[in-house]
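Single-structure report; data block below.
What follows is the structure, given as structure tokens:
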């Protein structure tokens, strides 16, 4: 089985960082948005997360934009637009 004793200090610090900072920041933004607009509108914008992740991967990791990524992003934007238009 897996032994936690074999996890390096860098591994533990990475886990703590990922659990606290990105997750905490996202939840704070989410709940702040809920205080400003309706839950259905906030929920629609959650679907933009993959598009934002793709753009950040292109900007910081040098990922390539491919046709399937463009198609997927277009479908997501269309879905959010139709949801918001109501």
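Numbering (the numbering used here), first residue to last: 220 to 305.
Idealized CB from N, CA, C, for every residue including glycine.
query	result
Can residue 273 and residue 298 be called in contact, C-beta distance under 9 Å?	no
Identify the continuous alpha helix (DSSP H) that holds residue 278 and give its terminal residues.	268-280
So, for residue 239: in the same chain, excluding its five sequence neighbours on each side, which residues have a beta-carbon less than 7 Å away from its beta-carbon?	none
What does the alpha-carbon distance come out to for the pair residue 237 and residue 260?	27 Å
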